[in-house]
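In the order they appear, the protein sequences are chains A and B. First residue of the first sequence? That's 1 in this note's numbering, and the numbers climb one at a time after it. First residue of the second sequence? That's 1 in this note's numbering, and the numbers climb one at a time after it. We treat Cβ as the ideally placed atom computed from N, Cα and C, and that holds for glycine. This structure is a prediction, so every number in the text was calculated from the model and none was measured.
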Amino acid sequence: MSAVQARAARAAIPSLAVRARDVLASEWIKFRSVRSTYWTLLIAAVTGAGGSGVVAFSMAHARGGAPPFDPVAMIFVGWLEYPVLAVGILGVLAFTSEYGSGQIRTTFTAVPRRPAVLAAKVAVAGAVTLAFGEFLSFAAFLLSQAIRSGDRQALSLSAPGALRAVLAAGFCLSLIAVGGLGLGAIIRHTAGAVVALPAVLYLPLVVLSLPQPWGERIGRFTLLAAAGQLVSAHPRPGLLPEPLSLLVAVAWPLAALLAAAVLLTRRDA
Amino acid sequence: MIEVSQLSKRFGAVTAVDGLSFAVRPGHVTGFLGPNGAGKTTTMRLILGLDVPTSGTALVGGRRYRQIVRPLREVGALLDATAVHAGRTARDHLLSLARSNGIGPRRVTEMLRLTGLDAVAGKRAGGFSLGMKQRLGIAAALLGDPPVLMFDEPVNGLDPEGVHWIRDLFKALAAEGRTVFVSSHLMSEMALTADRLVIIGRGRLIADTTVARLTEAGGDVLVRSPQAAGLRGLLTGRGATVMEVPNDGGLSVRGMDAPGIGELAARHGIALHELTPRRSSLEEAYLNITGDSVQYRAEPAGTGARRDSSAKAGEGAR
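The structure is reproduced here in structure tokens:
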């Protein structure tokens with residue numbers, strides 16, 4: 001009838017791959033165009049490298065006492081706090097900043113298939129934090145090595161289990177960012193999700209202090225215990241073997257994402 | 001074309017939209033009117049697939065919104081201008097939206113220019129005035145050059161120049177054959193922009209009409225006669241509604257037109273001193289038909305402020 005309608009009728013429906021690429025590119029523009037992305041990554045980098053450096057320094061100057069339970073895992077012990085929280089919050093903000101501002105309604109008007117938005121955000125935040133996490137974990141390892149260069153116990157990447165543990169440290173940061181993203185989509189409020197994030201990460205660790213063997217038997221299924229196993233050069237026998245630990249570490253963020261996908265679709269925006 | 005049929009939305013005990021049916025056609029600016037809390041925004045959210053209806057359907061171009069591929073090319077909408085991430089620049093905001101629907105960056109530049117935002121394109125949206133955010137929202141709605149456009153209270157926060165600009169824009173968009181659906185709680189604003197009207201109150205349809213018909217329906221005939229009492233009896237005998245104009249002596253007649261009244265008076269030898277058809281202002285007509293459905297009512301400021309609702313409103317709202 002009108003020129004407008006004729007033009008709309010001519011437009012061919014693009015393939016799924018093209019649409020996926022468009023949504024991905026759109027989320028990438030959003031991700032790179034807010035300051036919180038850079039702040040959270042900067043905080044993760046400074047506290048991550050700094051924490052590892054401090055641990056390496058104290059290891060280099062340790063006199064006597066018991067040797068560290070795992071020389072590689074020790075390097076990443078400091079990561080349990082700030083770097084983990086910083087990337088977790090980066091993930092949380094992917095959704096809560098949109099819900100807080102109302103931007104989410106604009107987003108869902110542009111892309112009504114909400115799981116597609118979730119998937120694109122996961123891909124962007126997951127890929128960036130994976131690359132960032134690997135860079136940071138190798139940097140932290142090499143920094144620690146440099147600090148401990150005069151130390152007889154200093155490790156190199158070629159030491160048994162060391163390379164795998166360092167790779168796992170970067171991967172686990174990415175997992176926590178993705179888990180935070182799911183948590184943000186479930187909770188929708190920045191303050192609520194930022195409080196819930198450490199609660200779901202650290203509170204389950206309390207079961208590790210149950211009387212043994214029950215502490216480890218249950219505690220090994222927590223995300224951080226599984227992650228701790230993965231970043232150790234010498235896995236602890238009480239915890240799950242590495243393949244199972246990897247499964248557990250992936251399962252928690254995946255569960256959060258599945259819950260998020262269901263809730264995003266069901267709830268009014 | 002927007003088609004809403006038997007649409008309902010309940011939030012717990014509150015029924016925000018209640019069995020609403022209407023159609024919005026291309027080539028016109030259609031005003032969507034109702035008092036605050038009437039369900040206008042909820043209806044628009046249901047049309048856009050943001051909320052899921054409790055029952056009924058809302059179709060845009062024959063499809064449910066959530067089934068539309070690249071919907072920005074089919075429907076442009078501005079619901080809430082402040083719904084923008086404060087830390088993102090206007091250009092990045094539009095670029096991300098455009099990219100999600102396969103629209104190129106050149107179109108973003110064009111829309112920034114059209115809405116007069118090109119000078120602040122690199123500024124963060126959080127620093128924008130409400131009027132600038134409205135312009136940004138309009139730029140976003142127009143990105144996909146869509147045949148259907150929806151705006152919720154678009155003149156809020158705009159300065160007079162902006163209001164003028166937006167009226168002309170709506171008329172131009174409708175003249176291009178697009179469907180333009182604009183909500184407002186201000187009849188005076190719609191009188192200047194819209195030619196068709198969908199009026200709701202408490203989630204129900206009150207009227208689906210045109211501006212011209214609404215003003216006619218709300219009008220009356222002013223009659224003055226030295227034999228007012230006799231004339232009054234004749235008129236009510238023919239089914240007309242006659243009211244005395246307070247402190248004036250004139251009669252306000254509804255239900256019979258001026259020629260009819262004049263001929264009736266002539267047949268009975270009644271002299272007339274005045275016989276004036278009066279169209280009500282759109283504002284009056286609107287208040288008449290929505291009077292019963294106002295959810296949040298202030299107490300009348302003085303005597304005579306309360307208006308009777310006409311019989312038409314009875315079916316629309318309780």
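Contacting residues, own chain, Cβ-Cβ under 6 Å from residue i (five flanking each side not counted)
i, result
"threonine 193/B", "Val29, Arg167 and Phe170"
"arginine 266/A", "none"
"glutamine 227/B", "Ile270"
"alanine 258/B", "Val221, Leu275 and Pro277"
Cβ-based neighbour list, residue i, same chain, cut-off 8 Å, excluding 5 preceding and 5 following
i, result
"threonine 241/B", "Val253, Arg254 and Gly255"
"glycine 150/A", "Ala60"
"threonine 82/B", "Leu130 and Lys133"
"threonine 303/B", "In this prediction, threonine 303/B scores a pLDDT of 43, lower than 50, which makes its location untrustworthy; the coordinate-derived value is nonetheless stated afterwards. Nothing listed; no residue qualifies."
"glutamate 216/B", "Arg279"
"serine 51/B", "Sequence inspection shows aspartate at residue 51/B; the serine mentioned does not correspond to that position. The answer, listed in chain order, is Lys9, Thr42 and Arg45."
Contact list for residue i against chain A, beta-carbon separation under 8 Å
i, result
"isoleucine 68/B", "Pro112"
"alanine 140/B", "Thr106"
"valine 24/B", "The contacting residues do not exist; valine 24/B stays about 15 Å from chain A at best."
"leucine 272/B", "What leucine 272/B touches in chain A: nothing, since even the nearest Cβ is about 50 Å away."
Status (buried if at least 16 other CB within 10 Å, exposed otherwise) for residue i
i, result
"methionine 1/A", "Bear in mind that a pLDDT of 48 at methionine 1/A, under 50, signals an unreliable position, so the model cannot answer this."
"histidine 268/B", "exposed"
"threonine 236/B", "exposed"
"aspartate 152/B", "buried"
"methionine 150/B", "buried"
"serine 5/B", "exposed"
"leucine 42/A", "exposed"
"arginine 318/B", "Summary for arginine 318/B: the model assigns pLDDT 34, below 50, so the residue's position carries little reliability, and this model does not support an answer."
"aspartate 159/B", "exposed"
"serine 184/B", "buried"
"alanine 168/A", "buried"
"alanine 120/A", "buried"
"leucine 203/A", "exposed"
"aspartate 268/A", "exposed"
Closest residue to residue i among the options (Cα-Cα distance)
i, options, result
"glycine 262/B", "Gly250/B, Arg107/B and Leu275/B", "Leu275/B"
"proline 243/A", "Ile89/A, Ser101/A and Gln229/A", "Gln229/A"
"alanine 196/A", "Leu208/A, Val207/A and Leu181/A", "Leu181/A"
"leucine 94/B", "Gly122/B, Asp80/B and Ala58/B", "Gly122/B"
"valine 55/A", "Asp70/A, Leu42/A and Ser36/A", "Asp70/A"
"alanine 212/B", "Met190/B, Ala38/B and Asp118/B", "Met190/B"
"valine 148/B", "Arg178/B, Arg232/B and Val84/B", "Arg178/B"
"arginine 88/B", "Glu27/A, Val23/A, Ala269/A and Ala168/A", "Glu27/A"
"lysine 9/B", "Thr54/B, Met1/B and Phe32/B", "Thr54/B"
"alanine 77/B", "Ser36/A, Ile75/A, Val111/A and Ala169/A", "Val111/A"
"alanine 261/A", "Gly102/A, Val117/A, Ala17/A and Thr37/A", "Val117/A"
"glycine 170/A", "Arg188/A, Thr129/A and Ser33/A", "Thr129/A"
"alanine 233/A", "Leu155/A, Phe221/A and Ala177/A", "Leu155/A"
"isoleucine 270/A", "Ala86/B, Gly102/B, Arg107/B and Glu110/B", "Residue 270/A lies beyond the range of chain A shown here (1 to 269); nothing can be said about it."
"leucine 142/B", "Glu244/B, Tyr65/B and Arg113/B", "Arg113/B"
"alanine 38/B", "Asn247/B, Gly230/B, Glu283/B and Leu205/B", "Leu205/B"
"glycine 91/A", "Leu183/A, Arg21/A, Arg35/A and Val206/A", "Leu183/A"
Partners in chain A for residue i, counting only beta-carbon separations shorter than 7 Å
i, result
"threonine 82/B", "Gly102"
"glycine 12/B", "Neighbours of glycine 12/B on chain A: none; closest Cβ ~12 Å, over 7 Å."
"tyrosine 286/B", "Within 7 Å Cβ-Cβ: nothing; tyrosine 286/B doesn't reach chain A, min ~29 Å."
"valine 52/B", "Asp268"
For residue i: DSSP bridge partner residues
i, result
"glutamate 3/B", "Ala23/B and Leu59/B"
"isoleucine 261/B", "None, per the DSSP bridge assignment."
"glutamate 244/B", "Leu251/B"
"methionine 150/B", "Ala77/B and Phe181/B"
"lysine 364/B", "In this structure chain B extends from 1 to 318, so residue 364/B is not present and cannot be described."
"aspartate 22/A", "Answer is none; aspartate 22/A lacks a bridge partner."
"glutamate 274/B", "Arg224/B"
"glycine 31/B", "Val182/B and Leu197/B"
"aspartate 208/B", "Val198/B"
Residue i: contacting residues in chain B (beta-carbon distance under 8 Å)
i, result
"arginine 35/A", "Gly87"
Own chain partners of residue i with C-beta closer than 7 Å, once the 5 adjacent residues on each side are dropped
i, result
"valine 250/A", "Leu175"
"aspartate 208/B", "Phe22 and Val198"
"valine 163/B", "Val155"
"glutamate 315/B", "Because glutamate 315/B sits at a pLDDT of 36, beneath the cut-off of 50, its placement in the model cannot be relied upon, and the point is left open."
"isoleucine 75/A", "Ser52, Val55, Ala56, Ala140, Phe141 and Ser144"
"phenylalanine 138/A", "Val166"
"methionine 111/B", "Leu94, Ala139, Leu142 and Leu143"
"glutamate 3/B", "Ala23 and Leu59"
"valine 122/A", "Val178, Leu181 and Leu257"
Under 7 Å by beta carbon: chain B residues contacting residue i
i, result
"serine 97/A", "His85"
"lysine 121/A", "Here the premise fails: no neighbours, minimum Cβ distance about 12 Å."
Beta-carbon neighbours of residue i, restricted to chain B and to distances below 9 Å
i, result
"serine 26/A", "Leu95, Ser96, Leu97, Ala98, Arg99, Ser100 and Asn101"
"arginine 188/A", "The contacting residues do not exist; arginine 188/A stays about 14 Å from chain B at best."
Short CB-CB distance (under 8 Å) between residue i and chain C
i, result
"valine 23/A", "The structure shown contains no chain C; the protein chains it does contain are A and B."
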